[in-house]
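*Asks:* Below: one structure in C-alpha coordinates.
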Amino acid sequence: MITCLNLSAISIWPSILAKIFLFFLSFFDKEKNLSILLMRERFFEILQNASHMGTAASFDKLPQEVMLLRQKLEAIDAKLDTIAAQNQSQSDSLIGVDEAAKFLGVTKGGIYSKVYRNLIPYYKSGGKLYFSKQEILQEIFSHRYPKTPQPSKNRPPYLAGTTGHAQALLNSDIRS
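Quick note: the sequence shown uses the UniProt record's numbering, first residue 1, plus one each step.
Here it is in C-alpha coordinates:
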(Lines of atoms letter the chains of each structure in order from A and count residues from 1; the text may use other names and numbers.)
(Lines give C-alpha, C1' and ligand atoms only; values in the text may rest on other atoms or scores of the structure.)
Protein backbone atom coordinates (compact mmCIF):
# COMPACT_ATOMS: atom_id res chain seq x y z
CA MET A 1 0.00 0.00 0.00
CA ILE A 2 1.40 3.38 -0.99
CA THR A 3 0.71 5.93 1.70
CA CYS A 4 2.46 9.01 0.38
CA LEU A 5 3.51 10.07 -3.10
CA ASN A 6 6.06 12.81 -3.50
CA LEU A 7 5.53 13.83 -7.11
CA SER A 8 6.60 17.45 -6.77
CA ALA A 9 10.13 16.59 -7.93
CA ILE A 10 9.04 15.11 -11.27
CA SER A 11 9.25 17.53 -14.17
CA ILE A 12 6.38 16.09 -16.28
CA TRP A 13 3.50 18.38 -16.95
CA PRO A 14 0.91 18.09 -14.11
CA SER A 15 -2.09 17.43 -16.36
CA ILE A 16 -0.43 14.36 -17.87
CA LEU A 17 0.36 13.07 -14.39
CA ALA A 18 -3.21 13.62 -13.31
CA LYS A 19 -4.55 11.62 -16.25
CA ILE A 20 -2.12 8.75 -15.58
CA PHE A 21 -2.92 8.71 -11.89
CA LEU A 22 -6.68 8.76 -12.48
CA PHE A 23 -6.28 5.93 -14.99
CA PHE A 24 -4.61 3.77 -12.32
CA LEU A 25 -7.23 4.74 -9.75
CA SER A 26 -10.01 3.57 -12.06
CA PHE A 27 -8.96 -0.03 -11.40
CA PHE A 28 -9.77 0.26 -7.68
CA ASP A 29 -13.17 0.40 -6.03
CA LYS A 30 -13.04 3.97 -4.65
CA GLU A 31 -16.05 3.65 -2.37
CA LYS A 32 -14.66 0.69 -0.40
CA ASN A 33 -11.05 1.76 -0.11
CA LEU A 34 -10.58 4.90 1.97
CA SER A 35 -6.81 4.97 1.45
CA ILE A 36 -7.35 5.35 -2.32
CA LEU A 37 -9.52 8.40 -1.72
CA LEU A 38 -6.94 9.89 0.63
CA MET A 39 -4.19 9.18 -1.89
CA ARG A 40 -6.20 10.90 -4.61
CA GLU A 41 -6.70 14.02 -2.45
CA ARG A 42 -3.01 14.09 -1.56
CA PHE A 43 -2.12 13.78 -5.24
CA PHE A 44 -4.20 16.81 -6.18
CA GLU A 45 -2.67 18.84 -3.32
CA ILE A 46 0.81 18.00 -4.59
CA LEU A 47 -0.13 18.94 -8.14
CA GLN A 48 -1.58 22.22 -6.98
CA ASN A 49 1.54 23.06 -4.95
CA ALA A 50 3.84 22.08 -7.82
CA SER A 51 1.99 24.31 -10.27
CA HIS A 52 2.27 27.30 -7.89
CA MET A 53 5.95 26.75 -7.13
CA GLY A 54 7.15 27.40 -10.68
CA THR A 55 10.65 26.13 -9.85
CA ALA A 56 10.12 22.41 -9.47
CA ALA A 57 13.35 20.43 -9.33
CA SER A 58 13.98 18.13 -12.24
CA PHE A 59 16.26 15.25 -13.00
CA ASP A 60 18.02 17.44 -15.58
CA LYS A 61 19.05 19.89 -12.86
CA LEU A 62 20.15 17.17 -10.44
CA PRO A 63 23.90 17.19 -11.35
CA GLN A 64 24.09 20.98 -10.90
CA GLU A 65 22.27 20.74 -7.56
CA VAL A 66 24.64 18.01 -6.37
CA MET A 67 27.65 20.07 -7.49
CA LEU A 68 26.30 23.10 -5.62
CA LEU A 69 25.81 21.04 -2.46
CA ARG A 70 29.34 19.61 -2.79
CA GLN A 71 30.81 23.12 -3.11
CA LYS A 72 28.91 24.27 -0.03
CA LEU A 73 30.13 21.26 1.94
CA GLU A 74 33.73 21.92 0.87
CA ALA A 75 33.42 25.54 1.99
CA ILE A 76 32.01 24.45 5.36
CA ASP A 77 34.80 21.87 5.73
CA ALA A 78 37.45 24.51 4.99
CA LYS A 79 35.95 26.85 7.59
CA LEU A 80 35.88 24.07 10.18
CA ASP A 81 39.54 23.29 9.47
CA THR A 82 40.57 26.92 9.99
CA ILE A 83 38.55 27.16 13.22
CA ALA A 84 40.11 23.92 14.52
CA ALA A 85 43.60 25.17 13.65
CA GLN A 86 42.96 28.47 15.45
CA ASN A 87 41.66 26.70 18.56
CA GLN A 88 44.63 24.34 18.59
CA SER A 89 47.15 27.17 18.21
CA GLN A 90 45.45 29.10 21.02
CA SER A 91 45.45 26.11 23.36
CA ASP A 92 49.11 25.32 22.59
CA SER A 93 50.27 28.90 23.07
CA LEU A 94 52.56 29.73 25.95
CA ILE A 95 51.24 31.91 28.75
CA GLY A 96 52.98 33.87 31.47
CA VAL A 97 52.69 33.76 35.24
CA ASP A 98 49.76 36.22 35.35
CA GLU A 99 47.71 34.27 32.80
CA ALA A 100 48.56 30.96 34.50
CA ALA A 101 47.40 32.37 37.84
CA LYS A 102 44.10 33.46 36.29
CA PHE A 103 43.77 30.13 34.47
CA LEU A 104 44.29 28.09 37.65
CA GLY A 105 42.53 30.51 39.95
CA VAL A 106 45.49 31.03 42.29
CA THR A 107 47.78 33.93 43.12
CA LYS A 108 51.14 34.58 41.49
CA GLY A 109 52.78 33.36 44.69
CA GLY A 110 50.81 30.13 44.38
CA ILE A 111 52.14 29.66 40.86
CA TYR A 112 55.74 30.20 42.03
CA SER A 113 55.14 27.74 44.87
CA LYS A 114 53.82 25.10 42.46
CA VAL A 115 56.81 25.66 40.17
CA TYR A 116 59.25 25.33 43.12
CA ARG A 117 57.62 22.04 44.16
CA ASN A 118 57.43 20.86 40.50
CA LEU A 119 53.65 20.43 40.68
CA ILE A 120 52.97 22.03 37.29
CA PRO A 121 54.99 21.80 34.07
CA TYR A 122 56.81 24.98 33.09
CA TYR A 123 59.44 26.42 30.79
CA LYS A 124 62.07 28.89 31.91
CA SER A 125 63.83 31.18 29.48
CA GLY A 126 65.80 34.28 30.38
CA GLY A 127 64.57 34.28 33.97
CA LYS A 128 60.92 34.21 32.91
CA LEU A 129 58.44 31.40 33.43
CA TYR A 130 56.19 30.16 30.66
CA PHE A 131 53.40 27.59 30.78
CA SER A 132 51.45 25.62 28.20
CA LYS A 133 47.70 25.56 28.80
CA GLN A 134 47.47 22.09 27.27
CA GLU A 135 50.17 20.69 29.57
CA ILE A 136 48.60 22.31 32.64
CA LEU A 137 45.25 20.73 31.76
CA GLN A 138 46.89 17.34 31.26
CA GLU A 139 48.60 17.66 34.64
CA ILE A 140 45.31 18.56 36.32
CA PHE A 141 43.50 15.63 34.68
CA SER A 142 46.25 13.19 35.69
CA HIS A 143 45.55 13.84 39.40
CA ARG A 144 41.96 12.60 39.40
CA TYR A 145 40.34 11.78 42.72
CA PRO A 146 39.09 9.47 44.12
CA LYS A 147 41.73 7.08 42.96
CA THR A 148 41.05 3.38 43.13
CA PRO A 149 43.03 1.77 45.96
CA GLN A 150 45.66 -0.62 44.74
CA PRO A 151 46.58 -3.50 47.03
CA SER A 152 50.14 -3.81 48.21
CA LYS A 153 52.18 -6.58 46.63
CA ASN A 154 53.57 -7.99 49.87
CA ARG A 155 50.26 -7.98 51.83
CA PRO A 156 47.43 -10.43 51.36
CA PRO A 157 44.33 -8.90 49.73
CA TYR A 158 42.33 -8.91 52.97
CA LEU A 159 45.04 -6.82 54.69
CA ALA A 160 45.75 -4.48 51.78
CA GLY A 161 44.02 -1.43 53.26
CA THR A 162 45.24 -1.78 56.86
CA THR A 163 47.99 0.23 58.52
CA GLY A 164 51.01 -1.25 60.23
CA HIS A 165 49.48 -0.94 63.73
CA ALA A 166 46.25 -2.64 62.63
CA GLN A 167 48.22 -5.39 60.96
CA ALA A 168 50.24 -5.96 64.13
CA LEU A 169 46.99 -6.31 66.07
CA LEU A 170 45.65 -8.73 63.50
CA ASN A 171 48.85 -10.76 63.55
CA SER A 172 48.80 -10.92 67.37
CA ASP A 173 45.18 -12.14 67.29
CA ILE A 174 46.05 -14.81 64.77
CA ARG A 175 48.98 -16.15 66.85
CA SER A 176 47.02 -16.40 70.10
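By construction, the Cβ of each residue, glycine as well, lies at the ideal position given by its N, Cα and C atoms.
(1) Check each candidate in Asp77, Glu65, Leu69 and Glu135 and name the one with the smallest Cα separation from Leu119.
(2) Could you pull the DSSP bridge partners for Ser125 from this structure?
(3) Quick one: what does DSSP say Ile95 is sitting in, helix, strand or coil?
(4) Helix, strand or coil: how does DSSP classify Ile76 here?
(5) Find out if the Cβ-Cβ distance for the pair Ile76, Tyr130 is shorter than 9 Å.
(6) Distance, Cα to Cα, Leu104 vs Tyr116?
(7) Ends of the alpha helix (DSSP H) at Leu119?
*Replies:* According to the data block:
(1) Comparing Cα positions, the closest option is Glu135.
(2) Lys128.
(3) DSSP, read as helix, strand or coil, puts Ile95 in strand.
(4) The answer is helix: DSSP assigns Ile76 an H, G or I state.
(5) Between Ile76 and Tyr130, the CB-CB gap reaches or exceeds 9 Å.
(6) Taking the CA atoms as reference points, Leu104 sits about 16 Å from Tyr116.
(7) It is not in any alpha helix (DSSP H) - Leu119 carries neither H nor E in the DSSP assignment.
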